[in-house]
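Sequence positions in the sequence shown follow our numbering and run 1031 to 1295.
Following: one structure in structure tokens, then a few remarks.
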Amino acid sequence: MLQPSSFRFEVKDRVGVVTFTRPDTLNSLTFDVYRELRDLMQDLEREPSVASVVITGEGRGFCSGGDVSSIIGELFSRDMPGLVEFTRMTCDLIKNMRALRKPIVAALNGTAAGAGAVIALASDLRVASEKAKIAFLFVKVGLAGADMGAAYLLPRLVGLGRATELLAFGDAVDAPTAERYGLFNKVVPQDQVLPEAMAWARRLAEGPTFALGMTKELLNGELSLDLYGALDNEARAQAVCMQTRDFREAYEAFTQKRPPRFTGR
């Protein structure tokens, strides 16, 4: 598995913890961070020591998006193929996050802006500090509000009208408002963000990981299906899950009046 050099990655109780480590720039992203995070998300699919993931940042910010000097300045020297190479890489990061059959919890310790906001959006769950803010600010720098899958994912989370507002204005939204919109799952005091996110991730890691992976796969796949296609998918997927050891273990634990011991098989 990749050992990144541009951010910190460690495994705690089967939870893979990604920590952005550039607090002086509110954890802005460099080419290396994008590339290594993209590759890590792909590698984690085959990493048996990791059953769930937490993404967070050091200092006051979660992630402020692409670094102005090390990315944006350099992009002006690129031709169209070079620009597309970069934008494809950023989109591949989101693709790999969504394709990962393991739950991702974003621990938003502070501001999530631009690409940082989309990384939070592409996570499966979001636990945020009461001081956190989120901003899809692409239009404020002359770019389309639709970036890295934001125009696909955001309407499905908060509705088309609210997504249009967030992407067209690019204004920062505070934590209580983001929770009311359904963008944040839970808002907690600043010192509880990482502990709460880790508690959720550990709970997921101790759960039926095969079934959780199937759930995420179905959530992704059914975004573009009609009801009948979704029902057909779920009927077949559930039949597969009924063949797992975890399904039998849940039954035996219930009949024996004890907590289940899931193995992901």
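Virtual Cβ for every residue (Gly too), placed ideally from N, Cα, C.
Every value quoted in this text rests on a predicted model; they were computed, and no experiment measured them.
- Remark: C-beta atoms of L1224 and A1137 approach each other more closely than 8 angstroms.
- T1274 and R1295 have their C-alpha atoms spaced approximately 6 angstroms apart.
- With contacts defined as CB atoms closer than 8 angstroms, V1135 and S1100 fail to qualify as a contacting pair.
- In the three-state scheme derived from DSSP, where H, G and I count as helix and E and B as strand, K1042 is classed as strand.
- By the Cβ rule, the stretch 1085-1104 does not count as touching the stretch 1200-1216, because fewer than three pairs are nearer than 8 angstroms.
- Assignment of beta-bridge partners to S1082 by DSSP yields V1045.
- For F1050, the closest C-alpha among the options D1154, T1120, G1089 is that of G1089.
- Taking all protein chains shown into account, T1207 has fewer than 16 neighbouring C-beta atoms within 10 Å of its C-beta and is therefore exposed.
- For C1093, the closest C-alpha among the options P1078, Y1182, A1165, V1047 is that of A1165.
- Excluding its 5 nearest sequence neighbours in each direction, P1289 has C-beta neighbours in its own chain below 7 angstroms: A1283, listed in chain order.
- Fully contained in the stretch 1068-1130 are the following alpha helix (DSSP H) runs of length 4 or more, in chain order: 1110-1129.
- In the three-state reduction of the DSSP assignment, L1138 falls in the strand class.
- In the structure shown, K1246 adopts helical secondary structure according to DSSP, grouped into three states.
- In summary, A1158 is buried, with 16 or more beta-carbon neighbours lying within 10 Å of its beta-carbon over all protein chains present.
- The three-state secondary structure of L1056, taken from DSSP, is coil.
- Note on geometry: alpha-carbon atoms of G1237 and K1161 lie some 31 angstroms from one another.
- I1085 is positioned such that its CB atom lies closer than 8 angstroms to that of V1048.
- Taking C-beta atoms under 8 angstroms as the contact rule, A1265 and M1244 fail to qualify, at a distance of about 13 angstroms.
- For D1256, the secondary structure class from DSSP, reduced to helix, strand or coil, is coil.
- Contact between R1128 and A1152 holds: CB atoms are separated by about 6 angstroms, below the 8 angstroms threshold.
- Looking at the backbone, the Cα of K1170 and that of A1145 are separated by about 13 angstroms.
- Ranked by how close their Cα comes to the Cα of M1071, the residues R1052, I1102, L1056, P1034 have P1034 in first place.
- Following the DSSP letters along the chain, one finds L1173 in no alpha helix (DSSP H), marked with neither H nor E.
- Considered as a whole, the stretch 1165-1238 harbours 1180-1188, 1190-1199, 1205-1211, 1223-1235 as its complete alpha helix (DSSP H) runs of no fewer than 4 residues, in chain order.
- Residue range 1275-1285 is occupied by the alpha helix (DSSP H) that includes R1275.
- Taking the CA atoms as reference points, K1163 sits about 16 angstroms from A1193.
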